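Chains as they are written, first to last, in the working numbering: chain A, 1 to 112; chain B, 1001 to 1112.
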Amino acid sequence: DAGITQSPRHKVTETGTPVTLRCHQTENHRYMYWYRQDPGHGLRLIHYSYGVKDTDKGEVSDGYSVSRSKTEDFLLTLESATSSQTSVYFCAISEGTRQDQFFGPGTRLTVL
Amino acid sequence: GIQVEQSPPDLILQEGANSTLRCNFSDSVNNLQWFHQNPWGQLINLFYIPSGTKQNGRLSATTVATERYSLLYISSSQTTDSGVYFCAVAADRGSTLGRLYFGRGTQLTVWP
């Protein structure tokens, strides 16, 4: 299994609070991705990174920011959480754009 | 982005039966992956198959890139095959290079 961990695995927070989710990899892969999974929508890309300090937006980036200061860590921040951001968040990694993406175990976030 | 359609949305089988899941996509791709999401939410890589045919045990997959579809075959199904099967693709060109677009999945239930 690809070495990907996500923390926390579960979080309950209140509307308006900041939240940061962490993805950590031990594979030294260049590309890292954040997706959210909602019923009826499959997985949708939030942001991705193609190298240290190189990031770009995905399909559903509004309300989210990311940072990647080291190859192994990719952080997703909700500056002011809203109930519509209640979801399961998955991190993924890949060596290149034409290669497999491997997914972490997910973080279940509930915003009350 | 690319449109991905999976069929059927739901499938119920008796243990031992065979099944075929289909994935249609709207543009040329350089990445196509099949995933199994188990009842615990973990996304498991099944195949990386932008073209051609692959087999892994009771599972096999075929992608006909020129006709923009992929098929996942499950033979002699087992209860542990239950879960959601996702197809995901990435465009072969353009600003979305490398980004995976997911279908909504096929929910498979296998009864003993």
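For glycine and all other residues, C-beta sits at the position ideal for the given N, C-alpha and C. Keep in mind the model is a prediction, meaning the values are calculated, not measured.
So residue 1056(B) contacts chain A; which residues on that side make the cut at Cβ distance below 7 Å?
Under the 7 Å cutoff, chain A gives no residues; its nearest Cβ is about 13 Å from residue 1056(B).
Check whether residue 47(A) and residue 64(A) have beta carbons under 8 Å apart
yes
Could you please tell me which residues of the region 69 to 90 of chain A, in chain order, have their CB closer than 8 Å to any CB of chain B?
Of all residues in the region 69 to 90 of chain A, 88, 90 have a Cβ within less than 8 Å of some Cβ in chain B.
Taking residue 1073(B) as the query, report the chain A residues whose CB atoms sit under 7 Å from its CB, ordered along the chain.
Within 7 Å Cβ-Cβ: nothing; residue 1073(B) doesn't reach chain A, min ~20 Å.
Strictly below 7 Å CB to CB, what residues from chain A border residue 1025(B)?
Here the premise fails: no neighbours, minimum Cβ distance about 13 Å.
Counting only the same chain and skipping the five closest in sequence on each side, list residues whose C-beta sits under 6 Å from that of residue 1026(B).
Result list for residue 1026(B): 1002, 1003, in chain order.
Here's the rule: buried if 16 or more other CB atoms are within 10 angstroms of the residue's CB, otherwise exposed. What is residue 1044(B)?
It counts as exposed.
Members of the region 23 to 34 of chain A that neighbour chain B once the beta carbon cut-off is set at 7 Å:
31
Determine, using beta-carbon pairs with one atom in the region 17 to 31 of chain A and one in the region 1010 to 1017 of chain B, whether at least three such pairs fall under 8 Å.
no
If you measure between the beta carbons of residue 1087(B) and residue 1006(B), is that distance less than 8 Å?
yes
Taking only beta-carbon positions, decide if residue 1045(B) is within less than 8 Å of chain A.
yes
Cβ atoms of residue 1050(B) and residue 1029(B): under 8 Å apart, would you say?
yes
Inter-residue CB distance, residue 60(A) and residue 44(A) (contact presumed, cutoff 8 Å):
5 Å
List, in chain order, every chain B residue whose beta-carbon is nearer than 8 Å to that of residue 97(A).
1030, 1031, 1090, 1097, 1098
Residue 56(A) in three-state terms, based on DSSP
strand
What is the DSSP secondary structure of residue 1005(B), reduced to helix, strand or coil?
Here residue 1005(B) sits in strand by DSSP.
Ignoring anything shorter than 3 residues or poking outside the region 7 to 71 of chain A, list the beta strand (DSSP E) runs there in chain order.
Taking only runs of at least 3 residues, the beta strand (DSSP E) segments lying wholly in the region 7 to 71 of chain A are 10 to 13, 19 to 25, 31 to 38, 42 to 51, 54 to 57, 64 to 70.
In three-state DSSP terms, what is residue 1010(B)?
strand
For residue 1033(B), three-class secondary structure by DSSP
strand
For residue 1042(B), return the contacting residues in chain A, with the cut-off set at a CB-CB distance below 7 Å.
Ordered by position in chain A, the residues that pass the 7 Å Cβ test against residue 1042(B) are 105.
Just list the residues that DSSP pairs residue 136(A) with in beta bridges.
Residue numbering for chain A in the displayed model covers 1 to 112; residue 136(A) lies beyond these limits and cannot be assessed.
Between 1032(B), 1055(B), 1047(B), 1099(B), which has its C-alpha nearest residue 1069(B)'s C-alpha?
1032(B)
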